Every structure is written in structure tokens, then in C-alpha cells.
Amino acid sequence: MSVDLAQPIRQFAGGLANRNYLLIVGGAPAVLRRPPDGELPPGAHDMAREHRILSRLSDALPFIARGLHYCGDRSVIGVPFQLIEYRAGLVIRGADLSPLQGRDDAPEILSEMMVATLAALHRVDARAVGLEDLGRPEGFIARAIAGWSKRGALVAEDGALQNLLQDISQWLSRQRFRERTPTLLHCDFKLDNLILDPQSLSPVALVDWDMGTRGDPLFDLATLLSYWAHPDDPPALQRLQQMPTTHPGFWRRADVARRYADLTGLDIDDLPAMRVLALFKLGIVFLQLHRQWVGGAVKDNRYADFARLGEDILLVARDAAAGTERGS
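The following block contains the structure:
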């Protein structure tokens, strides 16, 4: 498998962490994917895990780009990396819907597409694709609460933030979550992690699998809903700018949840508590990203306000737990 060094290597835009480059390998385009520089949060940016998932899951779903090669030898480029099949298409980044200007049907199509794609992923038999031993699904939610609480404590810089994290963590620990059959999870399912066919808006590829595992499927749904902002949501969710769902025509979160339940047949009565967990995680992720910026691992000035945004998302999580969230 040889890289054509005569062809220019291009870095893809977008993303806040892992880096992706287009290059020619064996005469065909491929994506080189690597983690960011600097000290990484525990369990994050796992290139080996992502390669294993992509090399197996592509047999079951047409919208999974195949993993081609994993290299754990740091002497090659300084970090572990992987090569992934290149899939061309349209990416809707953040809250910008301008690439679909004039497509009044786009919000409805995208809303349905996201829910249907997630349901299709959760229907995959992990054993059939050789991923039955991926992750540790038993006790997944309790471990997620404990793990994100620990990560939050590592990046909390003052007493008020520490108390906020502790309050949410303790509330989550008191909740009763349903026991569900584990499914394959993406763990960061949102619109800009989907490459789309520009005409049909159907998924060409679901990318960014470095946190993929097995566990409660509602965790993926709650993660999607943590990014799914309404026009009347609190300012913190408006500032997220992760998806264009504040534009007219997109479904409400309740519509997404009902459609997912219809497609999967799952009971989702504990979804509100699961969304609090997803917001808890999201707030801490922004605190971690800000810490990377402060430490100099990244130079992108978008990270400068992430500490404030992370704390504000945690305040939304607290309000959601108390049932006082505006716009829900």
C-alpha cells in the first residue's frame, strides 16, 4: 500500500479534535486520520478502536466507509493513525444551512434521515460483524456517569463549577435507567458527522467513530438530542451551533424521540434523564477542549470561549434535571 507523494495532501476543514487528510494510496483517494497533538483525555481519539469498527461495520451498513489500515507505530508520523476509504459528498457543518439554500424540503428530509440512520445502526447485529466483544456494555450507563464525573473533576477550575458537576453527577446516580439489549453505539452522532448525497440527502458515510462502543442505544439518541437546539432554547444551546435545527422546518426533539421509538420499538421513558447525561458529557467535553487550548496543544481561537460554553451547558443540564429547562 503505497502513498503517492507526487499528489498534494489536503487537510479537511471542520472538526475540533482529530485531523483528517486526503491523499492518494494505491492509486485511489483515502483519508489519513490521526489524533490531535498534546495530552489526550482518557479513552478519547482511539484510532485502533475506530479502525476495528470501520473495518467490520462496513460489511453491514452501506453508509460506513471501510477502514483500510491502522498503524500504531509512533515512529512513522509521531502518533497512531489510520487510513480510511474516501467517500465524497456534502457535509452540513454546524448551524449553516446555506449549502441547501432553496431546498425548502431539506429540514424535513434531514430530520427523518438522521433518525432513520441512527435506528439502522442500532439494528445491526454486533455478533454478525465480529464486534460482539466491543466495549463493556454491562453497567454502561453507571460507568458513563462515573467516568464523566471523574473527567469533569479533572478540568473544573473553581469551587462553583466543582459543585455544579457534583450536583448533576449525584442526580444522575439516583436515576433509574431501563435495562436494554446493548447495540453498537457511535457516541457522537450528529449531522456534521454524516457525509450526504447532495441530491437525495441520504447518508454516504457516518464518520468519527473513535468513541464507538456497545451499550444502551438511548445514549446515542440522547447525544443527538443534546445537539438538537430549538429556536426557543436557552442561550447556551443556541451558542452550540452544532446543527442547523433552529431553522424553520426541523423537527422538535419530542418528534425525533417519537419517530425513533416507532422505528425501534424501544421504550424511551427514561430519555429525559439520559439527555441530562448527554448534556453533562457535552459540557465536560467543551471544558476539556478549552483545557487543550490553554495548554497550547491546539491554536484554534474557537476554543477560547469553550470554558464558558461548557459551564453554561452544564447549567442547562442542571435545569433539565430539575424540570425547569426553558424551550424543552
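In terms of the numbering used here, the sequence shown opens at residue 503 and continues consecutively.
For glycine and all other residues, C-beta sits at the position ideal for the given N, C-alpha and C.
As the structure is a prediction and not an experimental result, all values here were calculated from the model.
Separation of MET745 from SER704, as counted between CA atoms: 17 Å
In whole angstroms, what is the alpha-carbon distance linking GLY591 and ARG716? 28 Å
For ALA763, which residues in the same chain have their Cβ closer than 8 Å to its Cβ, ignoring the five residues on either side in sequence? ASP769, ILE770
Any contact of the stretch 711-725 with the stretch 682-691, i.e. 3+ C-beta pairs under 8 Å? yes
Using the Cα positions of VAL527 and THR748, report the straight-line distance between them to the nearest angstrom. 40 Å
Using 7 Å as the threshold, is the C-beta distance between LEU816 and LEU674 below it? no
Selected residue, minimal CA-CA separation from LEU785, among PHE752, ALA759, GLY798, ARG820: In the sequence as presented, Leu is not what sits at residue 785; that position holds Gly. Ranking PHE752, ALA759, GLY798, ARG820 by Cα distance to GLY785 puts ARG820 first.
Since I believe VAL800 is in contact with PRO538 (beta carbons under 8 Å), could you give me their beta-carbon distance rounded to a whole number of angstroms? 6 Å
Can you give me the Cβ contacts of ALA860 inside the same chain, cut-off strictly under 8 Å, excluding the 5 residues immediately before and after it? With the chain covering only 503 through 830, there is no way to say anything about residue 860.
Measuring only the C-alpha atoms, how far is PHE679 from ALA775? 8 Å
Let me know if GLY604 comes out buried or exposed under the rule of 16 or more other beta-carbons within 10 Å of its beta-carbon. exposed
Can you give, in chain order, each stretch of the alpha helix (DSSP H) that sits fully within the stretch 714-741 and has at least 4 residues? 719-729
Which residues share a DSSP beta bridge with GLU587? ALA532
Identity of the residues DSSP links to PRO705 by a beta bridge: LEU698
How would you call THR834, buried or exposed, if buried means at least 16 neighbouring beta carbons within 10 angstroms? Here the chain comprises residues numbered 503 to 830, so residue 834 is not present and cannot be evaluated.
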